[in-house]
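Chains as they are written, first to last, in the working numbering: chain A, 8 to 121; chain B, 175 to 288. Ideal placement from N, C-alpha and C gives every residue a C-beta, glycine not left out.
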Amino acid sequence: GNSVTQMEGPVTLSEEAFLTINCTYTATGYPSLFWYVQYPGEGLQLLLKATKADDKGSNKGFEATYRKETTSFHLEKGSVQVSDSAVYFCALSRRGNYGQNFVFGPGTRLSVLP
Amino acid sequence: ETGVTQSPTHLIKTRGQQVTLRCSSQSGHNTVSWYQQALGQGPQFIFQYYREEENGRGNFPPRFSGLQFPNYSSELNVNALELDDSALYLCASSLAGLSTDTQYFGPGTRLTVL
C-alpha cells in the first residue's frame with residue numbers, strides 16, 4: 008500500500024541555519040506530493056506541492072523536488088527564521104482502483120532558536 | 175471568502191454512543207475529506223466525498239460513515255464509539271476531487287470518548 012516515511016523530530020536549529028527534513032514515499036504509479044505545515048495554534052495549511060516527477064515546489068523560501076528515482080520529496084530551506092517553528096507533514100495523494108487515497112507522514116516538529 | 179468551518183469544537187461522549195461531526199466547505203469547493211489525527215501523529219484519511227458521492231476511503235471500519243449535502247457541506251458519523259476513537263477530527267475541502275488538488279483544512283473537532 009501507499010506510505011510516507013518522514014524523519015523523526017524534534018529538530019532544533021539556530022536562526023539562519025540550513026534546514027532539511029527528509030521524506031520518502033512508497034506508492035504505485037505517480038502520486039502527487041505535498042508538504043503541509045501547522046504553526047502553533049493554527050490549522051494545517053499547504054506549504055508547497057509537486058504533482059509530477061522532477062517538479063520543484065517552492066514557497067516562503069522552502070523548496071522540495073519530486074524525485075521519482077529515489078521516491079523522495081525532501082524539504083529544504085537555506086536560512087530558517089524563528090517564525091518557521093512549526094510541525095511539518097509530508098503527504099501523498101493518489102487515485103487508485105477504489106478512489107482517492109491520502110497518506111500523511113507523522114510530522115516533524117521544528118524549533119528555531121534566536 | 176469563508177474558510178472551512180467545523181462544529182462542534184469539542185465533544186465528550188461515552189463508549190458505545192454515536193456522534194455526528196459537521197463541516198462546511200470553502201466557497202466554490204465541491205469536495206470534502208475527513209481525517210482522524212491522534213495526538214502527536216499525522217492525519218489518517220477516513221474518506222472523501224465529491225459531489226455527494228464517496229470518492230475514496232481509507233482503512234476505517236464501516237461504523238465510520240459520512241454524507242455530503244447539495245451545498246457540499248458534510249457530516250461524519252461514528253457509531254458504537256470506542257476509547258481509541260478519541261482524537262482530533264479534521265475536515266478539508268478542495269476544488270474538484272483530484273489527487274493534485276490542494277486541501278484546505280478546518281480547525282478540527284476534538285472528540286473525547288470516556
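The C-alpha of B:Ser248 is placed about 15 Å away from the C-alpha of B:Pro281. Between B:Thr283 and B:Ile186, the beta carbon gap of about 11 Å keeps them out of contact (Cβ cut-off 8 Å). In the three-state scheme derived from DSSP, where H, G and I count as helix and E and B as strand, B:Leu262 is classed as strand. The Cβ atoms of B:Trp208 and B:Tyr263 sit closer than 8 Å to each other. Note that the stretch 192 to 208 of chain B touches the stretch 255 to 275 of chain B; at least 3 beta-carbon pairs, one per stretch, sit closer than 8 Å. Non-local beta-carbon contacts of A:Gly114 in its own chain, meaning distances under 6 Å to residues more than five positions away in sequence, involve Val94 and Phe96 in chain order. Contact note: B:Leu264 reaches chain A through Gly50 and Leu51, using a C-beta cutoff of 9 Å and chain order. The C-alpha of B:Ala261 lies about 23 Å from the C-alpha of A:Met14. For B:Val287, the three-state secondary structure derived from DSSP is strand.
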